[in-house]
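This note's numbering numbers the first residue of the sequence shown as -11 and each following residue consecutively.
Have a look at the structure below, then the notes.
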Amino acid sequence: MKISKNVFELPEIALFTCDGENAFGGMRQNDLQNKIFRVFAKGIFVILYAGLILGVLAGCVEVEKVSEKKPYAISVKKERSYYQAQKIVEHLADLGIPSYVVEKGEDKDRYFHVVTKSFRTEGEAENFREHLASMEMEKGEIFSFDDLSEEEKKNLANRKIYMQEERQRIPAETPDVPRSILSTIRKVPGSNAFYIGRMNLVNLDLTDKGKIYSLGLSTDLPRGVKLSYFAEHGNAFAEIRLVDNLYGDQVTFEIVNLKPGENAEALASEIADDILATGEYEVEEKIPYFVTSYDRLGGYRVTIEVPATKKSAAKQRSYTIVGDRSNEYLFIVQDAGRDDPERIARLLSQIGKSNGLEDYDEFWNSFYLIPKNLDGDVFIAYASEKMGPSYARSKGNTHWAKRIVGHWTYSMYFYAPKRGVWNYTAFDLLTGPYCGKTWEIYSKQVWDAGLNFCGIRGHAIKNFLGEVTELNYRFDRYVLTINPRSENFSQSSLISRAERFQYACGK
-11 MKISKNVFEL
-1 PEIALFTCDG
9 ENAFGGMRQN
19 DLQNKIFRVF
29 AKGIFVILYA
39 GLILGVLAGC
49 VEVEKVSEKK
59 PYAISVKKER
69 SYYQAQKIVE
79 HLADLGIPSY
89 VVEKGEDKDR
99 YFHVVTKSFR
109 TEGEAENFRE
119 HLASMEMEKG
129 EIFSFDDLSE
139 EEKKNLANRK
149 IYMQEERQRI
159 PAETPDVPRS
169 ILSTIRKVPG
179 SNAFYIGRMN
189 LVNLDLTDKG
199 KIYSLGLSTD
209 LPRGVKLSYF
219 AEHGNAFAEI
229 RLVDNLYGDQ
239 VTFEIVNLKP
249 GENAEALASE
259 IADDILATGE
269 YEVEEKIPYF
279 VTSYDRLGGY
289 RVTIEVPATK
299 KSAAKQRSYT
309 IVGDRSNEYL
319 FIVQDAGRDD
329 PERIARLLSQ
339 IGKSNGLEDY
349 DEFWNSFYLI
359 PKNLDGDVFI
369 AYASEKMGPS
379 YARSKGNTHW
389 AKRIVGHWTY
399 SMYFYAPKRG
409 VWNYTAFDLL
419 TGPYCGKTWE
429 IYSKQVWDAG
439 LNFCGIRGHA
449 IKNFLGEVTE
459 LNYRFDRYVL
469 TINPRSENFS
479 QSSLISRAER
489 FQYACGK
């Protein structure tokens, strides 16, 4: 359970019967009765709330950690980032399961394990693992104290050491992107239960060349809907695949910052009709939908039944499309894997109650690399993805590629009016030492010309005509590349662009 920063800021009170109905929904009361009831209810709530806080504080007992006496535990999840692992600890705490973080690895190829409980025997640990599986979590793995190195045992669950090794947030200033982009990223619900599995952020207010390039990005929009449609009606577009860090469920969250004069509810209705028009389905449903968030959001919930294929059975897909009353934003939510209207309602209700994407470390530590002054170049798009095992396989399972698995990669696209499109890619390996080792392994496999820029040594990759097709280098926690998308970029023009980026060149 999360405790509000101001424990005396009372939430709205609602009393319910056992079947979930509002216990006072059918009462007719005059104004005086209402006032008496509200005062009485708030007084009762203050007492209960204070008791709850004391109970929570009293219950914050440190969980027993693995040791020689109790060497077995369950590793519920493992992450490359200490701070991502800590988010899972918070998520488990919300479910009433105490846990802690332990670093484990060899040759600096490390993981942070989220570990819960401790047991004397492996059999006891296995029984608890089955219990977690019954909660529809992934089973995790049995964690043994004996598998830790002496240094790892010494630093067991030492938050201070873990936090010293990894910087949670890089220092940065506001990047040189349109205001519509900055406002759109703040309309994503924040949560300790999700990480960003994949996302796109697109500037729709572009010159023709930039717009054509941005519309070529791969998206996961509902069937019957194209990004070009939003380019007609919006200034900015964001698509975020939120992944539950315990259960693995995915929710795709799409946001459009609308142009002045648009009608959000009318657009929601049109999109709903476009989805239904993509085929004839056993189930076709379009119903009005409303939820309260930073504003009252209204629109439609569309449900269709997708026909069975050779690989999968028939299943229902639902799309929630809503807009705000000020006609500034349109939201589309798809709950992949399961149809959970309550979860969608909770997510939508959280919009505007946090800093949005800025609350996600994996976003902050990449988006805020973008220069604070692009010197005339224009931001087109940003894309990110958490690297899975398929990335290593695509690189022949090389050692350096395996070390990147579990980290995020980011691509940022820009348009230079006289030269064309170029992009900047960053692999965030979280700490300088780990990144340095990975870069060292990679560099031994690269046959190209070396050069100095950003005050460090990098590589220039050229084609058979001698044209630079890529600059790559390593700075602190990042492996970085810059690529021209036309032949109009000289090596020096690419270097000058690389040197503008925040933090990644020490500026």
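Where is the CB? At the ideal position from N, CA and C, for every residue including glycine.
For the 9 Å CB-CB criterion, Arg68 and Arg98 form a contact. In the DSSP assignment, the residues bridged to Val279 are Leu285.
With a 10 Å radius around the Cβ and a threshold of 16 neighbouring Cβ atoms, Phe107 comes out buried.
For Gly212, the closest alpha carbon among the candidates Gln238, Ile263, Leu205 is that of Ile263. Distance from the Cα of Trp396 is smallest, within the candidate group Tyr269, Leu468, Ala448, Asn361, for Leu468. Using a Cβ-Cβ distance cut-off of 8 Å, the segment 344 to 352 and the segment 170 to 181 are in contact, since at least three pairs of beta carbons, one from each stretch, lie closer than that value. Counting only the Cα atoms, Lys57 lies some 44 Å from Glu330. As a beta-bridge residue in DSSP terms, Gln304 pairs with Glu293.
Distance between Phe182 and Asp232, taken at the CA atoms: about 4 Å. Taking 9 Å as the cut-off, the Cβ atoms of Ala160 and Leu357 count as close. Counting C-beta pairs with one atom in each stretch, the segment 398 to 406 and the segment 378 to 387 have fewer than three that are closer than 8 Å, which means they do not touch. Inside the segment 64 to 98, DSSP marks whole beta strand (DSSP E) runs of 3 or more residues at positions 88 to 94, from first to last along the chain. Where Leu136 is concerned, there is no enclosing beta strand (DSSP E), because DSSP gives it neither an H nor an E.
Spanning the alpha carbons of Val51 and Tyr88 requires a straight line of approximately 8 Å. Pairing Asn315 with Gly222 gives a Cβ-Cβ distance that is not under 9 Å. CA-CA distance, Thr297 to Lys303, rounds to 10 Å. Take Leu205, set aside five residues on each side of it, and the residues of its chain with a beta-carbon closer than 8 Å to its own are Asn188, Val190, Leu215, Ala369, Ala371, in chain order. Residues of the same chain with a CB within less than 8 Å of the CB of Val165, apart from the 5 flanking positions on each side, are Asn191, Ile358, Phe367 in chain order.
Leu80 and Lys406 have their C-alpha atoms spaced approximately 52 Å apart. Listed in chain order, the non-local C-beta contacts of Lys127 below 6 Å within the same chain comprise Arg117, Ala121, local neighbours out to five positions each way being set aside. With the rule of 3 Cβ pairs closer than 8 Å, the segment 471 to 489 does not count as touching the segment 137 to 145. For Gly249, there is no enclosing alpha helix (DSSP H), as DSSP marks it with neither H nor E.
Of Val294, Pro295, Ala333, the smallest CA-CA separation from Ile309 is found for Ala333. Under DSSP, Ala181 shares a beta bridge with no residue. The continuous stretches of alpha helix (DSSP H) do not include Met400, which lies in the beta strand (DSSP E) extending over residues 396 to 404. Each residue's CA atom was taken as its position, placing Ala256 and Pro295 some 24 Å apart. Per DSSP, Tyr235 is not a residue of any alpha helix (DSSP H), being assigned neither H nor E.
Collapsing the DSSP output to three states places Ser474 in coil. Shown here, Lys374 sits in a strand according to DSSP, grouped into three states.
In the structure shown, the three-state DSSP call for Lys360 is coil. For Asn353, the enclosing alpha helix (DSSP H) starts and ends at 349 to 355.
Rounded to whole angstroms, Asp208 and Tyr461 show a C-alpha spacing of 32 Å. For Leu120, there is no enclosing beta strand (DSSP E); the residue is found in the alpha helix (DSSP H) stretching over 110 to 122. At a Cβ-Cβ threshold of 9 Å, Phe131 and Ala61 count as neighbours.
Pairing Tyr70 with Thr172 gives a Cβ-Cβ distance that is not under 9 Å.
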